Every structure is written in structure tokens, then in C-alpha cells.
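Protein chains in written order, with my numbering: chain A, 1 to 219; chain B, 1001 to 1219.
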DNA sequence: ATTAATTTTTAAGCTTACTTAAATTTTTTA
DNA sequence: TAAAAAATTTAAGTAAGCTTAAAAATTAAT
């Protein structure tokens, strides 16, 4: 399917949260940076393709087929983000920009390869869920910040909640990457510091860092 | 620039080898699977953009600007091939198919990240040269087949010249991957076998394999 | 409950990247 | 070298994905 169509169903899916009116043509148009007229036009076309239900002046509603398409694109976007982040040490800002294009030119075959390579993660580096091949989503993110972890337990890094270049470089240099495994060796609760072991290195992190590094239980 | 334009200049560049007539609109049209009329049309448009020189009934000639664009796309194509091949153990056939799409949606920034990650290789897994960022090409491939290597020397794997699934799986399992380093420990010239060391494993390969595994000197 | 403001739709038009059909030019061949 | 074949160009037309402008409907405000 074309890039325009994929972006359209994706925008509807993403706007479908709070207010019903958020999926009206005008709001989708605003999100995509196109005119209202273009959005109405596209809505009619997609209704003919059975991707959404269109009724004059009403909010747009994705059909099952439309939602599947949206989830498929979102899956590819988030897999690329996770992959670029981990493989090339790119910041959260950079990976989003690239994934926005790559998502449309990725076969299901390649998406599965990326997913397997990453260990089929359920969440991307932003903490957003990655739909599986069938379009199923795990909604509850069990990630916790490093400051809330327990001594002696092993975790997998799930998020580095920052776009600060220095923080990011520090993480990359020390193997603190999305998907990598760490061991919490000591919690200095009084000083709000956490000691971890990664790749046989011991690192002591202060509050500034332990609050923005998120991890998942290893089981 | 659009996908159609990128593919057009790429097709001209790739056809510009033997016969001058190979870059006439009809031959480009055939290569791209479009009508001759469409090719003529596009040629005129690209001439207006100073990407090629167009004269009625004559072969199409890329300008410097057009050639740079072609080389940039080819660079991205081959970097993706090399990367997918090494990272996901995909066959030469599979990587080509994916790269054909990804090449158009890859920023120069990401292309450089991929190149750095691979160690800025000069040739892709098919043995085709990878232009550098400036569009410069190393034309002479110094690869030799494993059967022609010298005992005691270290090499970098540059090509696995086959699309046979079994051969490919064998290579992947044993770390015989594009870009990986190996040590030739013994040449059994009489039996036409080669013993190599890779990742602290010793593998004995017969003629069938040593003839289709290509390597480069490590210097 | 009107009026005003906003949103949605319709209508007409544009660009890109194609198509087919016919006209023109070039190339081949006898 | 003239006729036949092939390639190229021109012309007209199409679909996708937009635009702006005006009409119609909905929503908000007084």
C-alpha cells in the first residue's frame, strides 16, 4: 500500500484515544500536514478499500483491516527505532526521523528478522508497545526505573529516557544499551545511588541517571 | 528526490558500460519496466533539472550532478546489502530485494552509520564496489578465493558466492560471514582442502566451498 | 435560539508518473 | 538505396495525491 495510505491509517489509529472527534478529517489533516479537503478525499478512497468507515461529517473509524494495516506500520516503525538505537547508538530523536521513512519500505520478512534479532521485544526505546506479527499488543509496560530495582537481581534495559547527547554517549560507551542485560549489585538508598555490573564492569550511577534508565525484570 | 528519478539515473549509470546505445530511452525503459514514452518524458524532465543531457534520438548522458545522485543511491543499496547480509544472515537474493526499497529512504547520516559499523568496506557481498560518501569508487577488487590463500595469513571474508541455502546456513553457523576475519592455518594442496581458524574454531573446507568463499588481504 | 465561527465537503485545478496510439525519425536489411 | 522494421517522440489521457476557493453543515457563543 502507498506511503500516503499507510500514514493515513496510522494517524487515525494514533489519534483514536481520548476525544471521539480526534479522528475527524480535520484533525487527521492537521496531524499529516495536508488540507482538510485532501483528508476527506482520502477518507472516501479508503472507505472504498474497506480500510475505514466513512460517514459525512462524522469521525473516521478504522475497520479491522485498517487497524491491522496501522499496527503493521507501527510495528515496523518501532522495530526500526529499537534496532537503530541499539545498533548505531542513535538518539531517540534521530531514530524516530529515520524510522518514519523506513517503516514504509520494510517487508514483513525483514521486520521479523529485526524482531528476532532483538529478542522479540514488546516495547521500543520510547516505552511504546511493539505489536507482534498478528497485530497483538502488550499494553502494560512493566518497566521500572533503575532507582527502584532490587540488589542482586538481573534486568534488561528497556529505555533511556533522555535525548541529552552526553548522557547518551556515556550510556553507549558503557554498554548501557536498549536490550542489554545488567546486574544490580548494590542500592545505596541513603545517597540515592545504584551500583550495577555490566560486561564485567562495575558502574556507580547517581539519581540523575537512575531515574531515567528504565529496565525490565529478566523473566 | 523521488524514487522514480533515483531509479532512472541509477538505470542510466548501470547501463553505461559497453554499447553507447544502452542508455537510449528504450533500453532504460526496458530496464525499469516502463514504456518508451515514459522514459523520453522523464529524460526531458531530468534534463531540465540538469541531471542529464538530452538530445532527441540520442543516448542519455548523466551530468556530474546526475552521476553523483546515481552513485549515492548505489552506495546506499550496497551498504544495505552488506549490512543485512552480515547482520541477519540473509541470502544474496533476499538482500537485493530489500535493498531495492530501502536505498531510497535512507539518509546520508544513516548510510554513514552503516558504513562505519561495517568498517567502511569498499565492496559489497556480491563483489560490487561501494562508492564512498563523495561518490568515489575503488574499481579493482583484490578479493581471491579461499583456495588461493596462503598458510598462516589472516583474511577478511568479502564474498560468499552462492545462493544455496545449505551452504549459507553452514557459513552463518560457523561465523563465515561477510566482514569477519579468518586465519588460514593449512593448505592441503594435494587434496584441495583448506583449514581455517575462525572464532577459535578450526574448520576444514573442501574445494566446493573454498572456490566460492572470497577473502581480502588484511592490510 | 439565532448568529457567528469552525469544520467538512464539494468543485475545479495542479503535478508526477505513468499509459496507449499515432506520427516521426533512425536503423536495418534485402 | 529504397523499403521494412524498430526505436523515439509527440499527443492525449489516466490515477494518485495533493492544492485553493466556495458551498454546506456542524458546533460554539451570546
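Note that the Cβ used here is the ideal one computed from N, Cα and C, for glycine as well.
Small disclaimer: the values here were computed from a predicted structure and weren't measured.
If residue 174 of chain A sits next to residue 203 of chain A, beta carbons under 8 Å apart, how far is it from one beta carbon to the other, in whole angstroms? Cβ atoms of residue 174 of chain A and residue 203 of chain A come within 8 Å of each other, at about 6 Å.
DSSP state of residue 1046 of chain B mapped onto helix, strand, coil: Note: residue 1046 of chain B maps to helix in three-state DSSP.
Taking CB distances under 7 Å as the criterion, tell me whether residue 88 of chain A reaches chain B. Chain B places a beta carbon closer than 7 Å to that of residue 88 of chain A, counting this residue as a contact.
Using 7 Å as the limit for Cβ to Cβ distance, is residue 183 of chain A near chain B? Taking Cβ atoms only, chain B never reaches closer than 7 Å to residue 183 of chain A, which makes this a no.
With a threshold of 16 other CB atoms inside 10 Å of the CB of residue 215 of chain A, please say whether the residue is buried or exposed. The residue is buried, with at least 16 neighbouring Cβ atoms inside 10 Å.
From which residue to which residue does the beta strand (DSSP E) around residue 1186 of chain B run? Looking at the DSSP string, the run of the beta strand (DSSP E) that includes residue 1186 of chain B is 1181-1188.
Does DSSP classify residue 1069 of chain B as helix, strand or coil? When DSSP states are grouped into helix, strand and coil, residue 1069 of chain B belongs to the helix group.
Excluding the five sequence neighbours on either side, which residues of its own chain have a C-beta within less than 8 Å of the C-beta of residue 167 of chain A, listed in chain order? Counting only residues of its own chain and dropping the five nearest sequence neighbours on each side, residue 167 of chain A has a CB closer than 8 Å to the CB of 160, 209 and 212.
Contacts around residue 1016 of chain B, its chain only, beta-carbon distance under 6 Å, and the 5 residues preceding and following it disregarded: Closer than 6 Å at Cβ, skipping near neighbours: 1023.
If contact means a Cβ-Cβ distance below 8 Å, which residues of the stretch 1045-1072 of chain B contact chain A? Under the 8 Å Cβ criterion, the stretch 1045-1072 of chain B contributes no residue.
Is the beta carbon of residue 12 of chain A sitting closer than 7 Å to the one on residue 62 of chain A? Judged by beta-carbon spacing, residue 62 of chain A lies within the 7 Å limit of residue 12 of chain A, meaning their Cβ atoms are closer than that value.
Check whether the stretch 1094-1110 of chain B touches the stretch 1149-1160 of chain B, taking contact to mean three or more Cβ pairs, one atom from each stretch, closer than 8 Å. At 8 Å Cβ cutoff, the stretches do not touch.
Helix, strand or coil: how does DSSP classify residue 117 of chain A here? Three-state result, residue 117 of chain A: helix.
Are the beta-carbon atoms of residue 75 of chain A and residue 124 of chain A separated by less than 7 Å? No, they are not a contact pair.
For residue 101 of chain A, return the contacting residues in chain B, with the cut-off set at a CB-CB distance below 7 Å. Under a criterion of Cβ atoms nearer than 7 Å, the residues of chain B adjacent to residue 101 of chain A are, in order, 1105.
Please state whether the Cβ-Cβ distance between residue 1136 of chain B and residue 1186 of chain B is less than 7 Å. Pairing residue 1136 of chain B with residue 1186 of chain B gives a Cβ-Cβ distance that is not under 7 Å.
Residue 1066 of chain B burial status per 10 Å Cβ neighbour count (16 or more: buried): Counting Cβ neighbours within 10 Å, residue 1066 of chain B comes out buried, since at least 16 surround it.
So does residue 33 of chain A have its beta carbon nearer than 6 Å to some heavy atom of the ligand MG? As far as ligands go, the structure on display features none, and thus does not contain the ligand MG.
Run through chain A and tell me which residues come within less than 8 Å of residue 1118 of chain B, C-beta to C-beta. Within chain A, no residue has its CB atom less than 8 Å from the CB of residue 1118 of chain B, the nearest being about 11 Å off.
Taking CB distances under 7 Å as the criterion, tell me whether residue 98 of chain A reaches chain B. Yes, residue 98 of chain A counts as interfacial toward chain B.
Taking the alpha carbon of residue 91 of chain A as the point to measure from, which residue in A/201, A/10 and A/169 has its own alpha carbon closest? Relative to residue 91 of chain A, the option among A/201, A/10 and A/169 whose CA is nearest is A/169.
3 or more residues per run - each beta strand (DSSP E) lying fully within the stretch 103-150 of chain A: Residue ranges of uninterrupted beta strand (DSSP E) with 3 or more members are absent from the stretch 103-150 of chain A; none lies entirely inside it.
State the Cα-Cα distance for the pair residue 1189 of chain B and residue 1201 of chain B, rounded to the nearest angstrom. The alpha-carbon separation between residue 1189 of chain B and residue 1201 of chain B amounts to approximately 21 Å.
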